[in-house]
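Q: Here it is, the structure, as structure tokens.
Numbering (my numbering), first residue to last: 802 to 1825.
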């Protein structure tokens, strides 16, 4: 039986729709026609067509209705169409209409090149895919025959995978002359002018994951995948004449870099397995001479180097590195065109890779150039010194050779140790009979511990086990026996747990003082004291399971405990402020004998416990404690009172700029945060008191230089700070006062910050609490929480303020006594009391010379604008900048404010305001102090001023919603209320610290919410 799909058409119209008909195989088409039409039509002129399926073209049966149905089975056809003859109407004959054949339309459409559909752009990978399709469309390329969704899509994905992988490495590839074909540079992203958006794989550049190097194996896989597509038949179509050559060029580019990687790997493997260094002066050094030029022809950039060479003798070499510019191309031109006013010799040694070239120059006699006369002895000695100082780099094989030489020996004998000594020293003159037993034992200990820096000298101590230091050890043992029980007894008193000593040096001083009390000063000659290092080795090791622990004797069950942290942040004005600080230092050096230089800073607050001792929070240095004791303290989340350590560092000014500004006297105070808050007028009063203490028996310097951080109590643009500085200027009768601050987030550049690490020694591992007040005061104090509430209740109850100040006196005295044991450059710290209200009012009274109506509460810029006399004084005597504020006497006889100058007239005439940093011709550096001092300058080159505020990063719109308002703050200048937004909710600890910061400082529009070193600066918090 046959199952056929049959239809009947008249012309192009279907008369009977398709139906499935069952008929025997031995029948004819005429019988099928009669059975299907049921005699409705005659059989004159009927044509028969057959086909296999719907997509095939109809084939006419030549026998027509008389044909046998057997052909349907033989050919596998199952569609039959009968077409009736259309008889024309005699009276209305029209020409036949030629309708387009559907099959022809389908064939024409199949011949049109097509491209896959674009993707939805969720990622930049999808963007690259769509731009590849746009590029092919612009080149009029595509696939025919419906393969665009299979082979075409696969080809585009392979191109995308290649470009996506090499996108982060395009600069590296270009450096090796492996350039991207020009066709792919027409992609919209690569053709973009925006340097931040003309790459696809942005995530690779901006994310913080480890950047993997380009892989040869990955490139090989990508090359093979593209070669599979390039080898397909469709690439021979004319539409691909512009595309396929570019793809082949891309393959060749990647193959070229793969070959480079293979060669590099082979070269590096050979170097690693070589017994000699890859670079050495024998093969990679050169020596030549350069004639001198006339002084008029000397390039300005060589002037400093020329002066150095002329001051040196013949054949005294100088390293050129410190004179080179930072820019690579400028450095190359500097070396290429090097010529001085005298003939010079040049030694050049190329180290290879990124290490650069070492270059030494020296002055040679004129006779060596003209008469070829050379002092060979001096030259050989000089070259020997140069070769001795050259860095040496050893291959991996050289290291393995040394390790393998001793790794198979189970017992390290003295003979092997001597051979090791010969290998390390390279001294062939050393013989075995002169190496002492002490040296052998020292080498044995070096090998066992793998750390020779901490081994005591056995030749000096000779393994000493006698009684030489017994007096010291016995006194130390008595000290531990006295202190350790006392520490345990005080665990729930004012001090919960205190270290036995601040440091090894402090412990040494304590025992030495006890010995002097017992035996007299000076000590008898029979009492010896050990070194600091030998004292340290008597304690218990921090980690007893390490190999280094065998050095410790364990005489005393005392060990070190430590915890540390550091953080920094960048600022656009960092370089500018660094130049300004250098100007300040050079100014101080120029007027050294008339300048007092002060660096000041406040340390983080020290919490005071309520009923339970609370840790000071300082854990970033080791301290001595009993072995079985835990350095623990209660948490400080619930504290109400705290102390603010303030450091005033009187710097000893060096004679030249190469000297350090980190020597001098340190004055320290612990101020009550509630009733002695940090403010500009309090700081200046304390500066005044400290200077009077320092120069109690002599005249204070007439010039005062201040360097502080950028907190609200030191910001030079604040009216409160400016008024306080003017008060200090008038009270101290200074001829000139210069106040400079650090860049934002760069308070670590302040010399006073160096003191903080030493101050941590006095605060480390100390837990403190206040004394108990009377019942009435305790009841009032229990009802308050914030600083404002404490101050409000203290105003209503004066006895509460007195009780609070008294209950923390013991804590302040304790911290004072510990701090006065600290030393900076052999000078002990000195503690002072915070400035009282009487002292502050006394300093502020000097402002009455300018404007008697000015009060301490008139500190904002809006308020100061109403005091015309003060504004006039500031215009004639002061210079205000973003990072500095300067005051100078005017010498006007009609001025009733300035006192007579104290400086010699000639010195005062040469005195000018500190200049603003001005860039050199090379914009990477600022001009030297000598160049710009005494000239008129401005802040026009300050980077933060030059930045366009419109380009500043705004707060995300998603943050500026009512649900993310965390608090409100009022501007102290304009009085407007500002909203404080935060993307994430603050924790309880962050809320407490946030409220404490708001209570401590006054804020104005545009100012940061927190000081530069506050940890809440890191989260994204905006104020509007």
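Just so it is clear, CB atoms sit at the ideal spot from N, CA and C, and this is done for glycine as well.
Please go through the stretch 1054-1133 and give each complete alpha helix (DSSP H) segment of 4 or more residues, from N-terminal end onward.
A: Complete alpha helix (DSSP H) runs here, min 4: 1082-1085, 1104-1112.
Q: DSSP three-state call for residue 1490: helix, strand or coil?
A: Indexing the chain shown from 1 puts residue 1490 at position 689. Note: residue 1490 maps to helix in three-state DSSP.
Q: Which one or two residues does DSSP pair with residue 815 in a beta bridge?
A: Within the chain shown, residue 815 is the residue found at index 14, counting from 1. Its beta-bridge partners are 810.
Q: Would you decide whether residue 1422 is buried or exposed? Buried here means 16 or more other CB atoms lie within 10 Å of its CB.
A: In the chain shown, the residue the question calls residue 1422 occupies position 621. In this prediction, residue 1422 has a pLDDT of 47, which is less than 50 and means its spatial position is unreliable; what the coordinates show is noted afterwards. Buried, by the Cβ-count rule.
Q: In the DSSP assignment, the alpha helix (DSSP H) including residue 1337 goes from what residue to what residue?
A: As a position in the chain shown, residue 1337 is number 536, starting the count at 1. First-last of the alpha helix (DSSP H) with residue 1337: 1333-1337.
Q: Quick one: residues in its chain with C-beta nearer than 6 Å to the C-beta of residue 1501, no 5 flanking neighbours on either side, listed in chain order?
A: Residue 1501 sits at position 700 when you count from the first residue of the chain shown. These residues qualify, in order along the chain: 1492.
Q: Ignore the nearest five residues each way along the sequence and tell me which others in residue 1505's own chain have a CB closer than 6 Å to its CB.
A: If you number the chain shown from 1, residue 1505 lands on position 704. Counting only Cβ-Cβ distances below 6 Å, and skipping sequence neighbours, we find 1397, 1535, 1538.
Q: Residue 1509 and residue 1633 - do their beta-carbons sit closer together than 9 Å?
A: On the chain shown, position 832 is the one that residue 1633 refers to. On the chain shown, position 708 is the one that residue 1509 refers to. For residue 1633 and residue 1509, no; Cβs fall outside 9 Å.
Q: Would you mind listing the alpha helix (DSSP H) stretches within the stretch 1641-1722 that are 4+ residues and don't spill past its ends, in chain order?
A: 1662-1665, 1669-1678, 1706-1710
Q: Taking all protein chains shown into account, do 16 or more other C-beta atoms lie within 10 angstroms of the C-beta of residue 1563, making it buried, or fewer, making it exposed?
A: As a position in the chain shown, residue 1563 is number 762, starting the count at 1. Result: buried.
Q: What number of angstroms, rounded off, separates the C-alpha of residue 1713 from the C-alpha of residue 1721?
A: Here residue 1713 is taken as the residue at index 912 of the chain shown, counted from 1. Here residue 1721 is taken as the residue at index 920 of the chain shown, counted from 1. Distance between the alpha carbons of residue 1713 and residue 1721 is about 21 Å.
Q: Got a sec? Which residues, its chain only, sit under 6 Å from residue 1768 by beta carbon, not counting five neighbours each side?
A: By 1-based counting over the chain shown, the position of residue 1768 is 967. Counting only residues of its own chain and dropping the five nearest sequence neighbours on each side, residue 1768 has a CB closer than 6 Å to the CB of 1781.
Q: Quick check on DSSP: helix, strand or coil for residue 804?
A: Taking the first residue of the chain shown as position 1, residue 804 is located at position 3. In this structure, residue 804 counts as strand in the three-state DSSP scheme.
Q: With 16 as the cutoff for other CB atoms within 10 Å, does residue 1530 come out buried or exposed?
A: In the chain shown, the residue the question calls residue 1530 occupies position 729. That one is buried.
Q: To the nearest angstrom, how far is it from the Cα of residue 1601 to the Cα of residue 1470?
A: Working through the chain shown from its first residue, we reach residue 1601 at position 800. Working through the chain shown from its first residue, we reach residue 1470 at position 669. Their backbone Cα atoms lie some 23 Å apart in a straight line.
Q: Measuring CA to CA, which of 886, 1316, 1139 is closest to residue 813?
A: Position 12 of the chain shown, counted from the first residue, corresponds to residue 813. Cα-wise, what sits closest to residue 813 is 886.
Q: Helix, strand or coil for residue 848 per DSSP?
A: As a first step, residue 848 must be located in the chain shown, where it is residue number 47. In the structure shown, residue 848 sits in a strand (DSSP, three-state: E or B).
Q: Skipping 5 residues on each side, what residues in its chain have a beta carbon closer than 6 Å to that of residue 1679?
A: To locate residue 1679, count along the chain shown from 1; it is residue 878. 1688.
Q: Can you check whether the CB of residue 865 is closer than 9 Å to the CB of residue 847?
A: Taking the first residue of the chain shown as 1, we reach residue 847 at position 46. Taking the first residue of the chain shown as 1, we reach residue 865 at position 64. Cβ atoms of residue 847 and residue 865: closer than 9 Å.
Q: Could you pull the start and end residues of the beta strand (DSSP E) that residue 880 belongs to?
A: Here residue 880 is taken as the residue at index 79 of the chain shown, counted from 1. Segment 880-885, the beta strand (DSSP E) holding residue 880.
Q: Indicate the three-state DSSP secondary structure (helix, strand or coil) for residue 1139 in the structure shown.
A: The count along the chain shown starts at 1 and reaches residue 1139 at position 338. Three-state result, residue 1139: coil.
Q: When the Cα atoms are used, what is the spatial distance from residue 1623 to residue 1762?
A: Position 822 of the chain shown, counting from 1, holds the residue named residue 1623. Position 961 of the chain shown, counting from 1, holds the residue named residue 1762. If I take the Cα positions, the gap works out to 51 Å.
Q: Out of 1676, 878, 1083, which one is the CA nearest neighbour of residue 1185?
A: If you number the chain shown from 1, residue 1185 lands on position 384. For residue 1185, the nearest C-alpha among the options comes from 1083.
Q: What's the call for residue 1033, buried or exposed, on a 16-neighbour Cβ count within 10 Å?
A: Within the chain shown, residue 1033 is the residue found at index 232, counting from 1. Exposed, because fewer than 16 other Cβ atoms sit within 10 Å of the Cβ of residue 1033.
Q: Pop quiz: residue 1311 and residue 1333 are said to be a contact at Cβ under 8 Å. What is the actual Cβ separation, rounded to whole angstroms?
A: Looking up residue 1311 in the chain shown gives position 510. Looking up residue 1333 in the chain shown gives position 532. Contact doesn't hold; Cβ gap of about 13 Å is too wide.
Q: Given a cut-off of 9 Å on the beta-carbon distance, is the pair residue 1544 and residue 1515 in contact?
A: Start at 1 with the first residue of the chain shown, and residue 1544 comes out as number 743. Start at 1 with the first residue of the chain shown, and residue 1515 comes out as number 714. Against a cut-off of 9 Å, the Cβ pair of residue 1515 and residue 1544 comes out as no contact.
Q: Mind checking residue 776: buried by the 16 CB within 10 Å criterion, or exposed?
A: Given that the chain is displayed from residue 802 to residue 1825, the structure contains no residue 776 and the question cannot be resolved.
Q: Could you pull the start and end residues of the beta strand (DSSP E) that residue 979 belongs to?
A: Sequence index remark: in the chain shown, residue 979 carries index 178 (1-based). Element bounds for residue 979: n/a, residue is neither H nor E.
Q: Could you name the residues of the same chain whose beta carbon sits closer than 6 Å to that of residue 1017, not counting the 5 residues immediately before and after it, in chain order?
A: The residue you call residue 1017 lines up with position 216 of the chain shown. So the list reads 1059, 1062, once near-sequence residues are dropped.
Q: Once the 5 residues before and after residue 1591 are set aside, which same chain residues still bring their CB inside 6 Å of it?
A: Position 790 of the chain shown, counted from the first residue, corresponds to residue 1591. Closer than 6 Å at Cβ, skipping near neighbours: 1475, 1585.
Q: Sort out for me which residues DSSP pairs residue 1632 with in a bridge.
A: Residue 1632 sits at position 831 when you count from the first residue of the chain shown. Bridge partners of residue 1632: 1469.
Q: If I follow the unbroken alpha helix (DSSP H) through residue 930, where does it start and stop?
A: Here residue 930 refers to the residue found at position 129 of the chain shown. From DSSP, the alpha helix (DSSP H) with residue 930 extends over 925-939.
Q: Indicate whether residue 933 and residue 961 have their beta-carbon atoms separated by less than 9 Å.
A: Here the question's residue 933 lines up with position 132 in the chain shown. Here the question's residue 961 lines up with position 160 in the chain shown. Contact: yes.
Q: Can you give the Cα-Cα distance for residue 1115 and residue 991, rounded to whole angstroms?
A: Against the chain shown, residue 1115 aligns to sequence position 314. Against the chain shown, residue 991 aligns to sequence position 190. Rounded to the nearest whole angstrom, the CA to CA distance from residue 1115 to residue 991 is 57 Å.
Q: Is the CB-CB distance between residue 821 and residue 940 below 9 Å?
A: One-based indexing of the chain shown puts residue 821 at position 20. One-based indexing of the chain shown puts residue 940 at position 139. No, they are not a contact pair.
Q: Residue 1023 and residue 959 - do their beta-carbons sit closer together than 9 Å?
A: Taking the chain shown and counting its residues from 1, one reaches residue 959 at position 158. Taking the chain shown and counting its residues from 1, one reaches residue 1023 at position 222. Taking 9 Å as the cut-off, the beta carbon of residue 959 is found closer than this to the beta carbon of residue 1023.
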